[in-house]
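In what follows, a single structure is set out as structure tokens and then discussed.
In the working numbering, the protein residues as written are 1468 to 2464.
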């Protein structure tokens, strides 16, 4: 071998190789990442590396030892004294093993050119690295230069530190370490090549490796080791598999593998399946006596009272003998049993009606849903047994599922023995054996009763001074009819009337005035006495001959005048129509109908609301529609509130022949004005026309004393919806909505438009019976804090009012339907304010732009669809109240139709959380954006956030108001609420997150 040498000071030749024999190499061993997988490591090869050098006298393989005296392979070249160097060294074929990006770590030494003799002007201090991809190992070509041309350059490698002659004297070299990445790789393997152009270099080691995200088990999900993508910024999404008796919660768990082999961006998680709980990262079975029924639940819970789990891994606990659980009961509710029999049952017979009363059972079975059923059976004569009462018998309020402890049974047969069976039931009564249920029996005998009222009086032939009338026997004669009484009087002369008795159902009444209207009423009498008079029937006698002649002449004149007016109108219409474009056909049919109903015209058999304002004197109106009560019949016991006209009190009302009961008494305050007096009487005149179980009932008025009073039904309020948030079942809420709709159907059929239907004007008693109240909109709105928007016609409660009523003051039954939709929303959201903190102007604008209130949390989809129908822009397309009642009846009969929810909270309880603090650290950042939006009651925007790319809380924390508008959050109030919570999130990030630079 011919060595290149340089002359020392002593004149002795020394080698100028970058490494002399016996030089120690200090590697400085470090800790490598666990998932850096080597594809090539020259230090690990014990034999010949087999790399190929070209030309042959270029790179040379030399054996060395490291600091631990372990043998290593190095390739060196140092032909610095010769010009035009081009020395190549290429490795063997290296398989990628599926990696698309690899890393190349080079350790080398390089001599400083300035330390060479004479400066060596051709010396280089860099070398080049190349690669070539192929799908398999290829045979070496003879023409090496042609082979090298296939290689692509990776980079030019320079040394951070180079050694000098002084370093050679110390015989210790510092290694340079350079790492380059290579990708994307598309073939099964590759070759590396190193090009020297005249440097003095020693290639000590070459390590080729790739990175993998290691196998990871996180939140009970297993993520396999994963090869990263080909791009440095690419994240590979990996779906985890739930392990160890766990299931995915909401969505499959996912993580992302980065190019550096790190797991990032966790989404979703696994939780232990029911019957298991998480302990130290694994799912363990619940022990005996414990259970876990829901994925969202925490750990295993102890079995509730009167239940037990004998085996491990229980999802539910089994009830003890004689105890039961309703399928609708939550898992943490104790097992219960049927109630005992009602106590202290008594009966009070009033003619053909029986009033039954009882006390609550001693043992309710541990439940609060105790209800009562009544079985009515008639005792057959001669001991022939019992038969159930027919459909004609009425039970007030109902026969089955009575919530209070009394019921009125009406329309029984007189002088008849009856047996009543009282049964107390609760939610588990149907699951118990019949022998476990206890009953109470009451035997009663009805009295002789007066006949029911005659339902219809018909007019037969009529003359100038006579009218023939006939009628049918009462529906319930309650005995043998002995005679009938016919009462009649000239209209408007009620104080002077005549009574005629007859044993027949027809009579001729004579001695009447021609062309006069008369009022007729008929009642029947048995041995028990007279029944009530029928309602009033109005008939008219024929006109006299003179009047007929005059009327005939007048008719001829009227026809002639009418014909002339019609011709004139037709001529005028030809000109006017072309100017203003108006025609009768374009009038609103609903408006015409309302005008017709609000007048004094009545159809036979149709009860129609009459506007009290059509009466000149309010006293006349109130006495027409309300009963006068003697002031001595009431006693004021306490003040319960303040009303529009004065104080509202409560006390007993004692009426002849009736039981004493509590009423509400509205008083007219002292010093009232004449207008206040009229308003007071007009409101009583309105209420007095209504008689419906879902409308507040007016008992009567007191106008004949100095203190004018209005006596109405007393409602014992239950707690407000806000205070009972989440405490009612869906069926109870639908029942409340059905009661409100039933009351509004009644008002609509009478032709009355409420105009101020809202939850604040619904009275609810302890049995959840809802009654519509407040019939004084034109007066009340002046002081109503909700009526902030003024039009030319007065103030309007914007949040509850239909668009056409706001814009044009067009109030109809259809606008009441719109308001009913808002009431539905209030009930299902437990009294939340409609449109939240939006201003009235914002509400008007939003509704006009087709915005509608979103579904309340945990609201059945069927109810929300009904709300949306009520909020149709075109009022003709909104449902009628009778249709609404029909829809609610179907939902009540088919509870399974209420299971599908909108905005489900996925909580065990449907209690709503007003403010949820979001603590942003490494734990809560892993929760989903949807969970965070739900916690601030903005869950309706989850899908918009996802579509906009804001799928993690880290990205949400960077959002601005413009970003919110871009994703579709357009309401100013919602933007403000979301931005406020984002700012809180940022503060937590600053406080909780450590950033290392």
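Beta carbons: idealized from backbone N, C-alpha and C, even for Gly.
All values reported here derive from a predicted model rather than from experimental measurement.
Inter-residue spacing [alpha-carbon to alpha-carbon] between residue i and residue j
{"i": "residue 1972", "j": "residue 1939", "result": "7 Å"}
{"i": "residue 2452", "j": "residue 2313", "result": "29 Å"}
{"i": "residue 2447", "j": "residue 2418", "result": "19 Å"}
{"i": "residue 2439", "j": "residue 2405", "result": "13 Å"}
{"i": "residue 2193", "j": "residue 2297", "result": "7 Å"}
{"i": "residue 1602", "j": "residue 1565", "result": "12 Å"}
{"i": "residue 2258", "j": "residue 2218", "result": "The pLDDT assigned to residue 2258 is 40, lower than 50, so where the model puts this residue is not dependable; a value taken from the coordinates is nonetheless given after this. Computed Cα separation, rounded: 24 Å."}
{"i": "residue 2445", "j": "residue 2431", "result": "9 Å"}
{"i": "residue 1919", "j": "residue 2195", "result": "41 Å"}
{"i": "residue 2203", "j": "residue 2235", "result": "6 Å"}
{"i": "residue 2115", "j": "residue 2155", "result": "18 Å"}
{"i": "residue 1568", "j": "residue 1535", "result": "33 Å"}
{"i": "residue 1600", "j": "residue 1761", "result": "55 Å"}
{"i": "residue 1605", "j": "residue 1662", "result": "20 Å"}
{"i": "residue 1900", "j": "residue 1806", "result": "13 Å"}
{"i": "residue 2301", "j": "residue 2424", "result": "29 Å"}
{"i": "residue 2004", "j": "residue 2307", "result": "50 Å"}
{"i": "residue 2450", "j": "residue 2422", "result": "13 Å"}
{"i": "residue 2096", "j": "residue 1980", "result": "35 Å"}
{"i": "residue 1991", "j": "residue 1949", "result": "8 Å"}
{"i": "residue 1814", "j": "residue 1873", "result": "10 Å"}
{"i": "residue 1893", "j": "residue 1772", "result": "18 Å"}
{"i": "residue 2267", "j": "residue 2160", "result": "24 Å"}
Under 8 Å between C-beta atoms of residue i and residue j
{"i": "residue 2368", "j": "residue 2326", "result": "yes"}
{"i": "residue 1885", "j": "residue 1913", "result": "yes"}
{"i": "residue 1856", "j": "residue 1838", "result": "no"}
{"i": "residue 2333", "j": "residue 2311", "result": "no"}
{"i": "residue 1708", "j": "residue 1688", "result": "yes"}
{"i": "residue 2362", "j": "residue 2207", "result": "no"}
{"i": "residue 1560", "j": "residue 1665", "result": "no"}
{"i": "residue 2289", "j": "residue 2273", "result": "no"}
{"i": "residue 1819", "j": "residue 1878", "result": "yes"}
{"i": "residue 1618", "j": "residue 1660", "result": "yes"}
{"i": "residue 1784", "j": "residue 1795", "result": "no"}
{"i": "residue 2130", "j": "residue 2113", "result": "no"}
{"i": "residue 1985", "j": "residue 1952", "result": "no"}
{"i": "residue 1723", "j": "residue 1703", "result": "yes"}
{"i": "residue 2200", "j": "residue 2294", "result": "yes"}
{"i": "residue 1860", "j": "residue 1823", "result": "no"}
{"i": "residue 1518", "j": "residue 1558", "result": "yes"}
Cβ-Cβ separation, residue j to residue i (assumed contact under 8 Å), whole Å
{"i": "residue 1570", "j": "residue 1676", "result": "6 Å"}
{"i": "residue 1562", "j": "residue 1649", "result": "Not really, about 14 Å apart at Cβ, beyond 8 Å."}
{"i": "residue 1756", "j": "residue 1803", "result": "Incorrect: roughly 19 Å between the Cβ atoms, too far for contact."}
{"i": "residue 2163", "j": "residue 2079", "result": "About 17 Å separates the two Cβ atoms, so there is no contact after all."}
{"i": "residue 2177", "j": "residue 2165", "result": "7 Å"}
{"i": "residue 1926", "j": "residue 2000", "result": "Contact doesn't hold; Cβ gap of about 17 Å is too wide."}
{"i": "residue 1907", "j": "residue 1825", "result": "7 Å"}
{"i": "residue 2285", "j": "residue 2345", "result": "7 Å"}
{"i": "residue 1572", "j": "residue 1646", "result": "5 Å"}
Identity of the residues DSSP links to residue i by a beta bridge
{"i": "residue 1647", "result": "1571"}
{"i": "residue 1937", "result": "1925 and 1973"}
{"i": "residue 1538", "result": "1532"}
{"i": "residue 1623", "result": "1595"}
{"i": "residue 1723", "result": "1704 and 1731"}
{"i": "residue 2167", "result": "2178"}
{"i": "residue 1984", "result": "2007"}
{"i": "residue 1601", "result": "1656"}
{"i": "residue 1873", "result": "1824"}
{"i": "residue 1859", "result": "Its beta-bridge partners do not exist; DSSP assigns none."}
{"i": "residue 1743", "result": "1752"}
Residue i Cβ short of 7 Å to the ligand SAH heavy atom set
{"i": "residue 2416", "result": "By its list of ligands, the structure shown contains no ligand whatsoever, and the ligand SAH lies outside what it can speak to."}
Which whole runs of the beta strand (DSSP E) in the segment 1643 to 1715 are 3 residues long or more, in chain order? Runs of the beta strand (DSSP E) lying entirely within the segment 1643 to 1715, each at least 3 residues long, are 1643 to 1649, 1656 to 1663, 1668 to 1678, 1683 to 1685, 1688 to 1690 and 1703 to 1706 in chain order.
Counting only runs that start and end within the segment 1773 to 1836, where is the alpha helix (DSSP H) found for 4 or more residues in a row? Those alpha helix (DSSP H) runs which fall completely within the segment 1773 to 1836 and span 4+ residues do not exist here.
Which parts of the segment 2340 to 2368 are runs of the alpha helix (DSSP H), unbroken and 4 residues or longer, counting only runs that do not cross its ends? 2348 to 2360
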